[in-house]
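Just add 3 to wherever you are in the sequence shown, counting from 1, and you've got this note's numbering.
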Amino acid sequence: MSTDPQDAIARVWAVLDAEPDWTVDLASRLVRIPSVNPKFPAGNGDVDISGREAEVQALLDGELRALGLTTRQWDALPGRPNLVARTSAGDPDKSLILCGHVDVVPVGDASAWSWPPFSGEVRDGRLLGRGSQDMKAGLACCVGAIRAIRKAGIELEGQLALHSVVDEEAGGFGARAAVAEGEHAAAVIVAEPGQGEIFLCQGGLEWLRVTIRGRQGHSAYRYTGYWPQPHAARTGNEPVSAADIATRFLMALRDYEAGVARSKSHPLMPAGVNHFGVGVVQIGAGMGPDGLPQILSNPGIVPDVAVIDIDMKFLPHEKTAEVRADFEAFVAGFCASDPWLRDNPITVEWELYGLHFPPMNTSPDHPIVGSIRAARGRLGHAQTILRGSIGVTDGAHYAAAGMQALRYGPAGANQHGADEWADVASIRETTKILAAAVIDWCGVRSE
Numbered sequence: 004m005s006t007d008p009q010d011a012i013a014r015v016w017a018v019l020d021a022e023p024d025w026t027v028d029l030a031s032r033l034v035r036i037p038s039v040n041p042k043f044p045a046g047n048g049d050v051d052i053s054g055r056e057a058e059v060q061a062l063l064d065g066e067l068r069a070l071g072l073t074t075r076q077w078d079a080l081p082g083r084p085n086l087v088a089r090t091s092a093g094d095p096d097k098s099l100i101l102c103g104h105v106d107v108v109p110v111g112d113a114s115a116w117s118w119p120p121f122s123g124e125v126r127d128g129r130l131l132g133r134g135s136q137d138m139k140a141g142l143a144c145c146v147g148a149i150r151a152i153r154k155a156g157i158e159l160e161g162q163l164a165l166h167s168v169v170d171e172e173a174g175g176f177g178a179r180a181a182v183a184e185g186e187h188a189a190a191v192i193v194a195e196p197g198q199g200e201i202f203l204c205q206g207g208l209e210w211l212r213v214t215i216r217g218r219q220g221h222s223a224y225r226y227t228g229y230w231p232q233p234h235a236a237r238t239g240n241e242p243v244s245a246a247d248i249a250t251r252f253l254m255a256l257r258d259y260e261a262g263v264a265r266s267k268s269h270p271l272m273p274a275g276v277n278h279f280g281v282g283v284v285q286i287g288a289g290m291g292p293d294g295l296p297q298i299l300s301n302p303g304i305v306p307d308v309a310v311i312d313i314d315m316k317f318l319p320h321e322k323t324a325e326v327r328a329d330f331e332a333f334v335a336g337f338c339a340s341d342p343w344l345r346d347n348p349i350t351v352e353w354e355l356y357g358l359h360f361p362p363m364n365t366s367p368d369h370p371i372v373g374s375i376r377a378a379r380g381r382l383g384h385a386q387t388i389l390r391g392s393i394g395v396t397d398g399a400h401y402a403a404a405g406m407q408a409l410r411y412g413p414a415g416a417n418q419h420g421a422d423e424w425a426d427v428a429s430i431r432e433t434t435k436i437l438a439a440a441v442i443d444w445c446g447v448r449s450e
């Protein structure tokens, strides 16, 4: 049998052309299983979401075992299994992981949908339903590519693995568990959705908590801590409003954010994507054991606790430790300008809820990029746009372990929104492109 990669690609594409609906049908079956991330129990109506990630993994496990792959499942989180499937061992320099996640976000307001949220129906060239675009279509493309390679009788020089992971929508703990288990390869393709672009990089993402402490007191005497009082009148126990400090801090943060955005950039990322998004602010009296204010409904008390939760995005070429140090220096400088804060400094908690996505920054000249571009060229696409991903993906966790990762997947629309759908023609094409890229990267084993 020929070991020419181009001949192998032609044979694999012939298999796919003979069964054009197999991958679409698999994606449809996956969508019909409501594998909502169990960390988000609200917004799903009366749909039972318990154990559904495991149901998806069982379906995929059966398909992959039937292809002769070795499979392994283990709980990345309690009751939430990862699935890894592999071909036989080969050249580690030519090893490749195809990655997708099985968890989806909640439906939200079902009345806003034009079809049942977990329909899985194919209509007018679209696969309909929650998770169709993000990212069960991409996961199905990975399986469809592997199946076509196996059915064509192609033996690869490098090991090919599929990582079907949980929890991407809430921190990527499934991918993190796979990496921690030593499931590595030279390169990784994350089949998250796109419109024909290759996403080479993505910024890092940190969730962090800023906690400001004041001094509780009667609201009638707030002015004594806010406005200068005669020296003789001061008791040293004047109320200090955490709300007032938080207001000043948020204004300073806005200016700091603007300075960071002006001074730092990346050629594949939009200007200003490196931000400090204030998502949750809780201000009240009495620090609770959970680190949050206990009294939130009595404006007659000067609040002594302000907790600000921030979604911080930084650029692909930046280092996590340096970005954290810069922010902490900003906070320290803010505290140094205020007598109260010099003695009662603001605290910063990193990896809030354990969430941390490292940056990913793959070179445009890396051979895995060339493998996808060549496959697209074979299908008549004269140009392939290279971009940075605004949203984070599990590629971050592979990149942090030294693997060369990128994102490439099928087209569609409305991910995380009502009326989510994936493009059927793109599913078929993406399956071909992934199969060709696998062959080009992994190589064909001689007999």
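Even glycine gets a Cβ: it sits at the ideal position worked out from N, Cα and C.
Give me the residue from ALA324, GLU209, PRO233 with the minimum Cα distance to ASN277.
GLU209
According to the Cβ coordinates, are GLY398 and VAL182 closer than 9 Å?
no
Closest by C-alpha distance to ILE149, when choosing among GLY141, LEU165, GLY93:
LEU165
Could you say which of GLN219, THR214, ALA324, ASN301 lies nearest to ALA309 if we only look at CA atoms?
THR214
Please state whether the Cβ-Cβ distance between GLU66 and VAL15 is less than 9 Å.
no
Please name the residue or residues paired with LEU358 in a DSSP beta bridge.
In DSSP, LEU358 forms no bridge with anything.
Buried or exposed: where does HIS359 fall if 16 or more other Cβ atoms within 10 Å of its Cβ makes it buried?
buried
If I measure Cβ to Cβ from ALA421 and keep anything under 6 Å in the same chain, skipping five residues before and after, which residues do I get?
ALA115, TRP116
Complete beta strand (DSSP E) runs within the stretch 289-376 (minimum length 3 residues, chain order):
296-298, 308-316, 350-352
Span of the beta strand (DSSP E) holding LEU2?
Because the chain spans 4 through 450 in this model, residue 2 falls outside it and cannot be assessed.
Report the residue from VAL39, PHE330, GLY48, GLY380 whose alpha carbon sits nearest the alpha carbon of GLY262.
PHE330
Would the beta-carbon of GLY93 fall within 9 Å of that of ARG448?
yes
For ILE100, the first and last residue of its enclosing beta strand (DSSP E):
99-104
Taking its Cβ as the centre, do 16 or more other Cβ atoms sit within 10 Å of GLY175, making it buried, or is it exposed?
buried
Alpha carbon of LEU63 to alpha carbon of THR365, nearest angstrom
29 Å
Do you know offhand how far PRO302's Cα is from GLY287's?
8 Å
Same chain, Cβ closer than 6 Å to VAL108, neighbours up to 5 away in sequence not counted:
GLU172, HIS419
With a threshold of 7 Å on Cβ separation, who are the neighbours of LEU211 within its own chain once the five nearest residues in sequence on each side are excluded?
ILE313, MET315, VAL351, GLU352, TRP353, LEU355
Suppose you measure from the CA of ASP7 to the CA of GLY380; what does that come to, to the nearest Å?
18 Å
For my contact list, GLY206 and ASP426 are in at a C-beta cut-off of 8 Å; report their separation, rounded to the angstrom.
Actually they do not touch by this definition, with Cβ atoms about 27 Å apart.
Could you pull the start and end residues of the beta strand (DSSP E) that GLY391 belongs to?
389-392
Complete alpha helix (DSSP H) runs within the stretch 50-121 (minimum length 4 residues, chain order)
55-69
Inter-stretch contact at 8 Å, needing at least 3 Cβ pairs: the stretch 239-257 / the stretch 214-227
yes
Cβ-based burial, ILE152 [other Cβ within 10 Å; buried from 16]
buried
Run the CB neighbour count on LEU382, radius 10 Å, all protein chains shown included, and call it buried at 16 or more, exposed below.
exposed
Have a look at ASP170, PRO23, GLU184 and flag the residue whose alpha-carbon is nearest the alpha-carbon of ARG75.
GLU184
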